[in-house]
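Protein sequence lines correspond, in order, to chains F and D.
Sequential numbering of the first sequence, starting at 1, is according to full-length UniProt numbering.
Sequential numbering of the second sequence, starting at 1, is according to full-length UniProt numbering.
Ideal Cβ positions, reconstructed from N, Cα and C, are used throughout, including at glycine.
Just below is one structure, and these are the notes that go with it.
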Amino acid sequence: MDKSAFEERKTISAPMHASLRHDSAHKHVAGSADYIDDMPEPEGTLHAALGMSDRAHAEIVSMDLSAVRTAPGVVWVMTGADVPGHNDISPTGRHDEPVLAEGRVEFHGQPVFAVIAESREAARKAARLAKIEYRDLPHWTEVTDTLENGATLVTDPLTLSRGDADAALAASPRTISGEMRIGGQDHFYLEGHIALAIPGEDDDVTVWSSTQHPSEVQHMVGHALGVPSNAVTVQVRRMGGGFGGKETQSNQFAAIAAIAAKKLKRAVKFRPDRDEDMTTTGKRHDFLVAYETGFDEEGRIQAVKANYAARCGFSSDLSGPVTDRALFHADNAYFYPNVRLTSQPLKTNTVSNTAFRGFGGPQGMVGGERIIEEIAYALGKDPLEIRKANFYGEPGSDRVLTPYHQPVEDNIVARIVDELDHSSDYKARRRAIIDFNAKSRVIRKGIALTPVKFGISFTATWYNQAGALVHVYQDGSIHLNHGGTEMGQGLFTKVAQVLADAFQVDIATVKITATTTAKVPNTSATAASSGSDLNGMAAFDAARQIKERLVAFAAEKWGVSPDDVAFVPHHVRIGETLVPFADFIKQAYMARVQLSAAGFYKTPKIHWDRAKGMGSPFYYFAYGAAVSEVSIDTLTGEYQVDRVDILHDVGRSLNPAIDKGQVEGAFVQGMGWLTTEELWWDDKGRLRTHAPSTYKIPLASDRPKIFNVRLAEWSENAEPTIGRSKAVGEPPFMLAISVLEALSMAVASVADYRHCPRLDAPATPERVLMAVERLRGM
Amino acid sequence: MQQTGRIRLILNDEDIVLDDVPATGTLLDWLRLRRRLTGTKEGCAEGDCGACTVLVGRLLDGDLVYESVNACIRLLGSLNATHVVTVEHLAAPDGALHPVQQALVDHHGSQCGFCTPGFVMSLYGLWLASDRPGRPEIEKALQGNLCRCTGYEPIVAAAEAVAATRPSAVFDPIERTRADVKEKLAALAPRQTIRMGEVGNRVVIPADVGALAEVLAAEPKATLVAGCTDVGLWVTKQMRALDPVVFINHLQELQAIERSDGGLTIGAGVTYTQAFAALCEMVPALRPLIDRIGGAQVRNMGTIGGNIANGSPIGDTPPPLIALGATLALRATAGRRELPLEDYFIEYGRQDRRPGEFVESLFVPAPAADDRFAVYKLSKRRDEDISALCGAFRIALDHAGTVTYARLCFGGMAGTPKRATHVEAALRGKPWTEATIVAAAMAFEQDYTPLSDWRATAAYRMLAARNLLMRFYLETTGETAQLHRFEEVA
């Protein structure tokens, strides 16, 4: 071994906290990363397509599927009556969501039957041949219609209350009330939903599913087939994006494919077309927020009362926890001395809305930030001043309690905001913008600095557990498996780094394997930003167990104290002896040491009593702040994002390159939600923006022209998380609220900043222009 | 139908001969299902997301050009005498990545990776087309590629890094075979009309325009396909059966661009990319619109003839072309006829195209040197979006500043692209002042009764149409009245 090679081997290639590239990056660019549709199909694979309702709410009077059955290539036509187990895929057990509708349809596009045919094209063509007779029933698609027509709920609402909001409002020097509409959002994962079911012997079926929640797909497939979970194996190596859209929405496709595969004894693949995917799967919830706030002349909030009414769609799905999380984030980073927040999860005749990055938190936060804006415009102050005046206090102060009675004990929002305020030169730029606006007739500018405080943990406390399965083979190579799923966020890379770091080997020694319910059972969805926190710790625990056995073995064999055994780069140091890792493992194997372990982790400290609205649902908070500067055209409402500066807290980053990618990507996705992404239903209750031709997510040319993103390198999680890191998937999404507020300021300029523009989301060019017009008339 | 001839093309480094091409078969399905080249992905099947981007090489005026296209809506029958290059072809035989691929890896340009092969191909197309592309060119090359994970920053950074360093001694799969491929493709151009398939599933590739006229005379209901950017969606979204499908994208006679003193004659089969290059030379004010029609892939496939022939009320080229006074030439076996472009659009869904006729060419007269002309497109998203409305304005003033000529045309305001004749009348003979504009803008209500849909409400369309007239006026006075992402648009 020459000197340089020896030097090199004193380190490992990718320990924790290193900016390792995504484990599949090379395969991504080469086109050799396999997604489910790329896998070779088993011989004789059949294909499924959906027959969908063309009514928003109706009784099914009759269904004539004869033309579908006799169409070329059709093998089977399946209806709800053909579901052998339960015709239900409600993820929360409320039995309100059929696989295929029976007797009644509750949204335009609801799956009514499925066609199984020799080819995908044959199945899709045949699905159009059904003759279904309906008797129409009244339908409500909008939140406002629903509120005026009975306001039926899909699940129990939540109230968070502290102090006496009514009394404090009455006593406040100033009060404001208003309403805000916040639009939904389609996930637009680039890989649409897909399931490939392969029948096995007995009741067995293996389903490859593009899902964030293999255990739930396993459970739902078993439920629909009427077989126990042990008959169903669900696997996924990678998804082409998820964003929450594959947390529960994969169930339907997997269940249909599995039922057909078992019935026909052939593999069945189900890949809906993009339009069908967007029509039949849930989205981010739209909200109508009604708010009232009391404050003093300095802008210090005395009381907040708000009702969050949400378009949940026809069934509950995850609307309970989503609307809960909206309330949990209605405070954002601000202390409300007296507060009463209520949710109203409304049943509407639309597709059932579901998880989406932030899970209601972004909508809650947008509502809270609107209140800040209202106060600022009412007092003629910079909104940043109002923000700073209302931040949660330092730990130990009397301004730390959230509306759910959990104290904020790790607060770093003031430091983040101050740093960003200075590094972005916010104040000088704001002054320059006000000067510019005074002179510019058509083009106006706006700037806004908004903070984020986001609670980390599933509010369903039992979800905060994870497992991992680690094998060390006798050649020293390591097999890694855990319950988390890879959807592009780099989870597999980060967890592999945890293992490489634990064993002090190169990352190439760790083989990352597909998630499967057969290796790690009872997993939680890869959601709530929890992937690395939970699975990283579970893998760390598995490594710990194996290492403990190895240390005991080494201590005994070499006759040293366990304290004198250490894992060093590529070696194990035993007393004065340095044994190469692979050699050491081989010896351990020969000595019959168990080289495999199942790791487990559950988040400590958290608890939550929903009925009382009290508890500590979050293990910790992640923080961040963004400054956005925009320009608008006051003749057309067009706009562009000129510059964005972000400072974001990921604790001690497990992988700064991946985390920065999450921050940038989340920001742009959040910007899309608040600007150009508009869901539009017609008067028949039909979603008309169901493809990228009509639903506009940001392009490269929409991203901020100048985009400065920094991680708060000084931050470290106050709690003992893996490597003292923090979750990153969701929190930066909400940094994009700064874009909405900057647009709002540009609009406000046409009335000399005297009125809060009350710019609703998404702020399309049309909404911006109409807000300009409204303000010009005031 | 008697089978005559076969479809021949090159796929990566393999010569392909096909005699069983389905009339509505797409290039993407063929690649993925028949050739097992699964690097090319289906994201939307409508030419909007770019996950299916491949390069297609073809001979154009004797040059071999490679252009990015959407394989999802490109029909396989349109690929005779072309070289199809997929992402699998880029790496060197030893597995070394092409510089555009390596830069994406180095800059963390992929997350979920599903869109990545499409971005690789668009950036490779840019690599071939431009030595040192700047940020405006990079963004333009990526207008047809959606990424939902990265926020694009690392992808653009990768593209900029490649542009800055331009590694030279690399394995380049296209450059290395350019001479060979050029020779091969020249030999593959059809000498006689290619016909294949049975009734219900027929493909016709006419040898020349005369043969096309004969095919249409015999089969007036045939579907003419040039760029596939519209018909492709009839196939992938509406599952329409088309028979026969007559491919015309290869016809050299429809691809001529002739410049004369009076203006420009553009063959109906000229792609947006080529047509716009010529149009912008003559009318530079068209540039901002043209850079916002579709993405690069759509501009490389779609034709100006198709954009007109399909009669869409929101097609982006008719408003400026009508404002410029363009005329259309239609051809059939019986002969040719010409008509003003505005007269072609009769009403929503109905055009003045008789059975057996096809759009042959378009003549765009050169505007007078001191005419003022502008075209503005409004859409929810700036790039790669369909217009909520699109307005074209052309006026001439005399020495006293009085309007002597006014021609305004809008898309998205009526069932067809339509002139604002009342507004024109209100401008003519008036001084070019703000007061004139404010008064004339009221006449839009006499010209249009726009609809509300998911792109915009009627109220927005009407207000914005008036405001665009004001923008046009303000810009003639030197006021900054619209946003520009880059100072100098590439």
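> Looking at C-alpha atoms only, which residue of F:Asp-204, F:Gly-178 and F:Gly-245 is the closest neighbour of F:Ile-194?
Replying inline: On the first sequence, residue 194 of chain F is found 194 positions in, with the first residue counted as 1. When only C-alpha atoms are compared, the closest one is F:Gly-245.
>> In the DSSP output, what is F:Val-663 paired with across the bridge?
In response: For the purposes of this step, residue 663 of chain F is identified with residue 663 of the first sequence, where counting begins at 1. The partner list for F:Val-663 (beta bridge, DSSP) is empty, contrary to what the question assumes.
> Going along the stretch 217 to 230 of chain D in order, which residues come within less than 7 Å of chain C, judged by CB to CB distance?
Replying inline: Protein chains F and D are contained in the structure displayed, whereas chain C is not.
> Which stretch, first to last residue, makes up the beta strand (DSSP E) that contains F:Trp-208?
Replying inline: Stepping through the first sequence from its first residue, residue 208 of chain F is reached at position 208. Its beta strand (DSSP E) spans residues 205 to 209.
>> Using 8 Å for Cβ pairs, my map puts D:Ala-441 next to D:Met-470. What's the rounded Cβ distance?
In response: Within the second sequence, the letter at position 441 stands for residue 441 of chain D. Within the second sequence, the letter at position 470 stands for residue 470 of chain D. Right, the Cβ-Cβ distance comes to about 7 Å (below 8 Å), so this counts as a contact.
> Listing by chain order, which chain F residues have their CB less than 9 Å from the CB of D:Ser-312?
Replying inline: Start at 1 with the first residue of the second sequence, and residue 312 of chain D comes out as number 312. Per Cβ cutoff of 9 Å: no residues; D:Ser-312 is ~12 Å from chain F at best.
>> Can you find the residues in the same chain that come closer than 7 Å, C-beta to C-beta, to F:Glu-7, ignoring five residues on each side of it along the sequence?
In response: Taking the first residue of the first sequence as 1, we reach residue 7 of chain F at position 7. A caution first: F:Glu-7 carries a pLDDT of 44, below 50, which makes its placement in the model too unreliable to give a value.
>> My output table needs one value for D:Lys-140: the three-state DSSP class, helix, strand or coil.
In response: Counting from 1 along the second sequence, the entry for residue 140 of chain D is found at position 140. Looking at D:Lys-140 - three-state DSSP - the assignment turns out to be helix.
> For the beta strand (DSSP E) that contains residue 493 of chain D, what are its first and last residues?
Replying inline: Nothing in the structure corresponds to residue 493 of chain D, since chain D is present only between 1 and 490.
> Going along the chain, which residues of its own chain have a beta-carbon closer than 7 Å to the beta-carbon of F:Arg-300, five neighbours each way excluded?
Replying inline: If you number the first sequence from 1, residue 300 of chain F lands on position 300. Cβ within range, chain order: Ala-389 and Asn-390.
> When we look at the beta-carbon of D:Leu-28 and count the other beta-carbons within 10 Å, is it buried (16 or more) or exposed?
Replying inline: Position 28 of the second sequence holds residue 28 of chain D. Buried, by the Cβ-count rule.
> What separation, rounded to the nearest whole angstrom, lies between the Cα atoms of F:Met-1 and F:His-22?
Replying inline: Your numbering for residue 1 of chain F matches position 1 in the first sequence. Your numbering for residue 22 of chain F matches position 22 in the first sequence. Residue confidence is low: F:Met-1 scores 37 on pLDDT, short of 50, so the model does not pin down where it sits. Its coordinate-derived value is still stated next. Rounded to whole angstroms, F:Met-1 to F:His-22 spans 30 Å at the Cα level.
> D:Asn-467 versus chain F: which residues are under 7 Å apart at the beta carbon?
Replying inline: Position 467 of the second sequence, counted from the start, is the residue given in the question as residue 467 of chain D. Within 7 Å Cβ-Cβ: Leu-635 and Thr-636.
> Would D:Ser-110 count as contacting chain F if we go by Cβ distances under 8 Å?
Replying inline: Locating residue 110 of chain D in the second sequence gives position 110, counting from the first residue. Chain F, which has a Cβ nearer than 8 Å to the Cβ of D:Ser-110, makes this yes.
>> When you compare the CB positions of F:Glu-97 and F:Gly-80, do they come within less than 8 Å of one another, or not?
In response: For the purposes of this step, residue 97 of chain F is identified with residue 97 of the first sequence, where counting begins at 1. For the purposes of this step, residue 80 of chain F is identified with residue 80 of the first sequence, where counting begins at 1. No.
> If we ignore side chains and look at the alpha-carbon of each, how far apart do F:Arg-370 and F:Ala-761 end up?
Replying inline: Reading the first sequence from its first residue, position 370 is the one you call residue 370 of chain F. Reading the first sequence from its first residue, position 761 is the one you call residue 761 of chain F. Distance between the alpha carbons of F:Arg-370 and F:Ala-761: 11 Å.
> With C-beta atoms as the reference, is F:Thr-248 less than 8 Å away from F:Asp-186?
Replying inline: Counted from its first residue, the first sequence places residue 248 of chain F at position 248. Counted from its first residue, the first sequence places residue 186 of chain F at position 186. Cβ distance not < 8 Å, so F:Thr-248 and F:Asp-186 don't count as in contact.
>> So, with DSSP's three-state summary, where would you put F:Gln-185?
In response: Here residue 185 of chain F refers to the residue found at position 185 of the first sequence. Strand, per DSSP.
> Whose Cβ in chain D lies nearer than 7 Å to the Cβ of F:Asp-702?
Replying inline: Stepping through the first sequence from its first residue, residue 702 of chain F is reached at position 702. Arg-381 and Arg-382, listed in chain order.
>> Counting C-beta neighbours from all protein chains within 10 Å, is the total for F:Pro-362 16 or more, i.e. buried, or is it exposed?
In response: What you label residue 362 of chain F is simply residue 362 of the first sequence in a count that begins at 1. Per the 10 Å Cβ criterion, buried.
> Taking 7 Å as the line, does the beta carbon of D:Arg-34 fall inside it for any heavy atom of the ligand COA?
Replying inline: Ligands displayed in this structure: none; no statement on the ligand COA is therefore possible.
>> Using a 10 Å radius around the Cβ and a threshold of 16 neighbouring Cβ atoms, would you call D:Ile-174 buried or exposed?
In response: Position 174 of the second sequence, counted from the first residue, corresponds to residue 174 of chain D. With 16 or more Cβ atoms within 10 Å of its Cβ, D:Ile-174 is classed as buried.
>> Using 8 Å for Cβ pairs, my map puts D:Glu-338 next to D:Leu-254. What's the rounded Cβ distance?
In response: Residue numbering aside, residue 338 of chain D sits at position 338 when the second sequence is read from its first letter. Residue numbering aside, residue 254 of chain D sits at position 254 when the second sequence is read from its first letter. Actually they do not touch by this definition, with Cβ atoms about 16 Å apart.
> Taking buried to mean at least 16 other C-beta atoms within 10 Å of its own C-beta, is D:Arg-36 buried or exposed?
Replying inline: As a first step, residue 36 of chain D is located in the second sequence; it is residue number 36 there, counting from the start. It counts as exposed.
>> Based on DSSP bridge pairs, tell me the residues matched to D:Pro-431.
In response: As a first step, residue 431 of chain D is located in the second sequence; it is residue number 431 there, counting from the start. DSSP, once it has assigned bridges, lists D:Thr-402 as partnering D:Pro-431.
>> Helix, strand or coil for F:Gln-669? Go by DSSP, reduced to three states.
In response: Mapped onto the first sequence, residue 669 of chain F falls at position 669. Note: F:Gln-669 maps to helix in three-state DSSP.
>> My output table needs one value for F:Trp-558: the three-state DSSP class, helix, strand or coil.
In response: As a first step, residue 558 of chain F must be located in the first sequence, where it is residue number 558. It is helical.
>> The alpha helix (DSSP H) that contains D:Trp-234, what's its start and end?
In response: Position 234 of the second sequence, counted from the start, is the residue given in the question as residue 234 of chain D. Here the alpha helix (DSSP H) through D:Trp-234 covers 231 to 236.
> So, does the CB of D:Val-156 fall closer than 8 Å to a CB anywhere in chain F?
Replying inline: As a position in the second sequence, residue 156 of chain D is number 156, starting the count at 1. Answer yes: the Cβ-Cβ gap between D:Val-156 and chain F drops below 8 Å somewhere.
>> If distances are taken between C-alpha atoms only, which option among F:Gly-672, F:Tyr-620 and F:Gly-455 comes closest to F:His-329?
In response: Counting from one through the first sequence, the residue named residue 329 of chain F turns up at place 329. Of the listed residues, the one whose Cα sits closest to F:His-329 is F:Gly-455.
> Name the DSSP bridge partner or partners of F:Gln-465?
Replying inline: In the first sequence, counting from the first residue as 1, residue 465 of chain F sits at position 465. The partner list for F:Gln-465 (beta bridge, DSSP) reads F:Lys-602.
>> Looking only at its chain, what residues have a beta carbon closer than 6 Å to the beta carbon of D:Ala-226, apart from the 5 residues adjacent to it on each side?
In response: In the second sequence, the residue the question calls residue 226 of chain D occupies position 226. Result list for D:Ala-226: Ile-248, Asn-249, Gly-269, Thr-303 and Gly-306, in chain order.
> What is the C-beta distance between D:Phe-472 and D:Phe-393, in whole angstroms, given that I count them as a contact (C-beta under 8 Å)?
Replying inline: The residue labelled residue 472 of chain D in the question sits at position 472 within the second sequence. The residue labelled residue 393 of chain D in the question sits at position 393 within the second sequence. Indeed they touch by this definition, with Cβ atoms about 4 Å apart.
>> For F:Tyr-189, would you say it is in contact with chain D, using Cβ-to-Cβ distances shorter than 8 Å as the test?
In response: Along the first sequence, one-based indexing puts residue 189 of chain F at 189. True, the Cβ-Cβ gap to chain D drops below 8 Å.
> Distance, Cα to Cα, F:Ser-315 vs F:Val-154?
Replying inline: As a first step, residue 315 of chain F is located in the first sequence; it is residue number 315 there, counting from the start. As a first step, residue 154 of chain F is located in the first sequence; it is residue number 154 there, counting from the start. Cα to Cα, the separation comes out at about 6 Å.
> Would you call the CB atoms of F:Leu-137 and F:Glu-59 closer than 8 Å?
Replying inline: By 1-based counting over the first sequence, the position of residue 137 of chain F is 137. By 1-based counting over the first sequence, the position of residue 59 of chain F is 59. Yes, these two residues count as a Cβ contact at 8 Å.
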